[in-house]
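Those protein sequence lines, which keep their order, are chains U and R.
Numbers given in the working numbering equal positions in the first sequence, counted from 1, plus 25.
Numbers given in the working numbering equal positions in the second sequence, counted from 1, plus 25.
Glycine included, C-beta positions come from ideal geometry on N, C-alpha and C.
Just below is one structure, and these are the notes that go with it.
Protein chains: 2
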Amino acid sequence: MGLDDRKLAVLRAIVEDYVATQEPVGSKALVERHQLGVSPATVRNDMAVLEEEGYIRQPHTSAGRVPTDRGYRLFVDRLSRVKPLSPAERRAIERFLAGAVDLDDVVHRTVRLLAQLTRQVAVVQYPSLARSRVRHLELVPISTTRLMLVVIADTGRVEQRLVELPAPILADDVIDLRRTINEKLVGIQLSETPPLVQALIEESVPHLRPAMTTLSTVLLETLVERHEERIALAGTANLARGGLLDFQGSLRPVLEALEEEVVLLKLIGEVEPSTLRVRIGDENEIDNLRAASVVSTGYGPGATIVGGMGVLGPTRMDYPGTIATVRAVARYVGELLAQN
Amino acid sequence: MGLDDRKLAVLRAIVEDYVATQEPVGSKALVERHQLGVSPATVRNDMAVLEEEGYIRQPHTSAGRVPTDRGYRLFVDRLSRVKPLSPAERRAIERFLAGAVDLDDVVHRTVRLLAQLTRQVAVVQYPSLARSRVRHLELVPISTTRLMLVVIADTGRVEQRLVELPAPILADDVIDLRRTINEKLVGIQLSETPPLVQALIEESVPHLRPAMTTLSTVLLETLVERHEERIALAGTANLARGGLLDFQGSLRPVLEALEEEVVLLKLIGEVEPSTLRVRIGDENEIDNLRAASVVSTGYGPGATIVGGMGVLGPTRMDYPGTIATVRAVARYVGELLAQN
DNA sequence: GACTGGCACTCGCTACAGTCGAGTGCCAGG
DNA sequence: CCTGGCACTCGACTGTAGCGAGTGCCAGTC
């Protein structure tokens, strides 16, 4: 039952070879390419045990072995050696991200960078509004009954929304409104604003109350409810690389899943303090992604986390490399945000 | 050389059948499914002529015929009968777009709607900044040396950008700056702003000149140069529908092309007054899309055009249906923008 | 002169048999 | 516990044969 060190080494070798060659790996090839110090026959015995335990399987009798999801899991948890990034990669990351001019640009560059380095599909969540604080609220008069509300978060993210007032409003009153809402809300974390917005109505001067009421509705929608989360995606073309061997023949389910923002958020958005997360094949909750693996992590300035990013690829992926890249990119982006 | 009416009818029948069945169509099947009033042998003679002229071809000897790009072109230009949208489709369009709350939402909904109705890849360009007018410019003080510049266009599009000032600035001066730039620029079409921005520097009061100089640089970047065009994409999963028969086996080149914003812009952005455009296979300038067709059109409130939208699919697509849908959606969106 | 029925021909597709070889499981011996 | 040897399995590949959809051509008919 217990797997001794050699069996684990065999499993590791199988995973590494299979990931590299994309073909079932046999006992003979294994001893040739790795220094296992035993004969093919011995390896075969080990393989039989590994198969019994569910870590590897045979596509057909008389074919080599292929890791199962469970095998990859064990590999990731206990067997993979950390693969440090090459200096060239580090430089690429720095250079690529250095030129960013604003938040949108940072996210765009990050997602392309990730896709390029890992050669897989990359997903980056914009800094979540819920996790940011209000830096400034602006009211821009468009006409006497229309205002443009602009919310600026401390992460640099900006949301805007048109407000249709119930009655015409004076310029001075707009200034008044702006002052009031800023006094009340600046510096507050967005997820904490609802009660304060509520209070705004009650505390406002009578003749502004109707305006404040509609305004606060829109505020609530903008701050909390409405497409609160945005997401950037890149590298879908990489899905078509593995010649349809990955993803059991059809990209369709995967592409479909990637079109749903909700799904993407689930993939990378559930950020716990646990920094980095790997979900392998069946471990994914989304049915369409049962043939895929996801490596995701949170990122943000310093220790706080403002969003998630990650990479999606075939279960047969280079886990050590991908993990190292995702971790490195997330750290760089975090530093970039901290400088701001 | 000249193709008489029956030969054209045969070509039309071939296109329609091939689009429907995805299989080469033979003379016998043709006379069975269409009322051509002649025998298979006659149809075969017509086919021979059509093939000689390059409108159809045989994948292999002893197979049915398949339209060539040139055949589709003729079909689109002269043979396709307009296919009016079903009331259900019209209602779907209206319902789907009615719920939009702001410009971003309109674009998002439009692109998903197009993808869903045509069952293909949809592309929608955000209203081009170059073609909009400045509605309002806002300067929000972040710190004494930092301003947030917000540009609001009359199409509802909003761009923002951080401005790093060379020296600290007083609150009153910010108000001054804001007033000046608004006086000068509001109502101007964005593509016309550069000379005016230049003039801003020269006309500003001496002690504000350094601030105005950096500000105008950023203004120029924001108004004209920087990722001036944004694009929304949906329906990529539809590419994987045709079971790899379309796109000659690999989705990769197509997916790659779709990742390049520049390419997408080329596809749908070159908007001439000519309302609707169909590019078939080889007619596409982008090599990766030689196996695809694109149906695109401009849209905007009333007669003005503020951006493009379109649909991409296999050359073997339902042209009449796609054309009708794209045209209808563009018109609805135009009306929606006009109401604003 | 245009259309049609008939006929020989082409050629991709499928099924089937046979061979090859990678890879396995098992066993006896060190 | 490991190893070398051996029989066995089964997928991949090859070659052959038959089938049938579809064609091109030609002689005959209206």
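Own chain partners of residue i with C-beta closer than 8 angstroms, once the 5 adjacent residues on each side are dropped
| i | result |
| --- | --- |
| G325(U) | P152, R156, V331, G332, G359, L362 |
| E308(U) | D94, R98 |
| E119(R) | Y357 |
| K32(U) | D71, V74, L75 |
| P84(U) | P49, V91 |
Cut-off 7 angstroms between Cβ atoms - residues of its own chain near residue i, not counting five sequence neighbours on either side
| i | result |
| --- | --- |
| A88(R) | P49 |
| P166(U) | L172, A196, V199 |
| L187(R) | R171, M173 |
| G96(U) | L36, V40, Y80, I81 |
| P235(U) | P191, A192 |
Candidates the options, of which the one nearest residue i by Cα
| i | options | result |
| --- | --- | --- |
| T67(U) | A34(U), V40(U), G79(U), P84(U) | A34(U) |
| D30(R) | Y43(R), G51(R), L75(R) | L75(R) |
| N313(R) | S275(R), P84(R), L110(R) | S275(R) |
| L337(R) | M237(R), V243(R), Q364(R), A265(R) | A265(R) |
| P219(R) | A328(R), E246(R), R204(R) | E246(R) |
| A224(R) | L233(R), H232(R), P231(R), S241(R) | S241(R) |
| R277(U) | A262(R), G267(R), E286(R), P278(R) | A262(R) |
| P65(R) | E78(R), P345(R), G51(R) | G51(R) |
| L128(R) | T347(R), G181(R), V249(R) | G181(R) |
| L280(U) | P231(R), Q145(R), A353(R) | Q145(R) |
| R106(U) | A353(U), A355(U), G346(U), V354(U) | G346(U) |
| A45(U) | F272(U), P84(U), G267(U), T300(U) | G267(U) |
| L233(R) | L248(R), E217(R), P84(R), R204(R) | R204(R) |
| A328(U) | I305(U), A355(U), G306(U) | A355(U) |
Start-to-end residues for the alpha helix (DSSP H) that takes in residue i
| i | result |
| --- | --- |
| L195(U) | Careful: L195(U) lies outside any alpha helix (DSSP H) and carries neither H nor E. |
| T350(R) | 344–364 |
| I177(U) | From DSSP, I177(U) is part of no alpha helix (DSSP H) but of the beta strand (DSSP E) over 171–178. |
| V115(U) | Looking at the sequence shown, residue 115(U) is not Val but Arg. Per DSSP, R115(U) belongs to the alpha helix (DSSP H) from 112–123. |
| P278(R) | 277–284 |
| E57(U) | 52–58 |
Three-state secondary structure assigned by DSSP to residue i
| i | result |
| --- | --- |
| M237(U) | helix |
| S321(R) | strand |
| R31(R) | helix |
| A257(R) | strand |
| H133(R) | helix |
| V149(U) | strand |
| I200(U) | helix |
| V230(U) | coil |
| V12(R) | No answer is possible for residue 12(R): it lies beyond the span of chain R, which begins at 26 and ends at 365. |
| I311(R) | coil |
| Q214(U) | strand |
| P21(R) | As displayed, chain R neither begins before 26 nor continues past 365, which places residue 21(R) out of reach and without an answer. |
| L164(R) | strand |
| M26(U) | With a pLDDT of 47 at M26(U), under the threshold of 50, the modelled position of that residue is not reliable, and the figure given next carries that caveat. Note: M26(U) maps to coil in three-state DSSP. |
| V159(U) | strand |
| L225(U) | helix |
| L142(R) | helix |
| L154(R) | coil |
Cβ neighbours of residue i in the same chain (closer than 6 angstroms, five flanking residues each side left out)
| i | result |
| --- | --- |
| M26(R) | Unreliable placement is indicated for M26(R), whose pLDDT of 47 sits below 50; the coordinate value is still reported in the next sentence. So no residue of the chain qualifies. |
| E159(R) | Note on residue identity: the sequence assigns Val, not Glu, to residue 159(R). So the qualifying residues of the chain are L210, V211, I213. |
| A147(R) | V136, L139, A140, A259, G260, V336 |
| L55(R) | A38, V68 |
| V149(U) | V132, T135, V136, A257, M334 |
8 angstroms contact criterion, which residue i and residue j should meet: CB distance rounded
| i | j | result |
| --- | --- | --- |
| R134(U) | L142(U) | Rounded, the Cβ-Cβ distance is 12 angstroms, inconsistent with contact. |
| L104(U) | L61(U) | With a Cβ gap of about 14 angstroms, L104(U) and L61(U) do not count as contacting. |
| L16(U) | V351(U) | Because chain U here runs from 26 to 365, residue 16(U) falls outside it and cannot be looked at. |
| L154(U) | L202(U) | Not really, about 21 angstroms apart at Cβ, beyond 8 angstroms. |
| E184(U) | V176(U) | 5 angstroms |
| T340(R) | S321(R) | Not confirmed; about 15 angstroms, so no contact. |
| L290(R) | E254(R) | 6 angstroms |
| L162(U) | I206(U) | 5 angstroms |
| I238(U) | I226(U) | It should be pointed out that residue 238(U) corresponds to Thr in this sequence rather than to Ile. Confirmed, about 6 angstroms. |
| I293(R) | M334(R) | 6 angstroms |
| K108(R) | A349(R) | 5 angstroms |
| I256(U) | E286(U) | 6 angstroms |
| Y344(R) | V63(R) | Actually they do not touch by this definition, with Cβ atoms about 26 angstroms apart. |
Opening and closing residue of the beta strand (DSSP E) in which residue i lies
| i | result |
| --- | --- |
| V336(U) | 332–339 |
| V183(R) | 183–189 |
| L301(R) | 301–305 |
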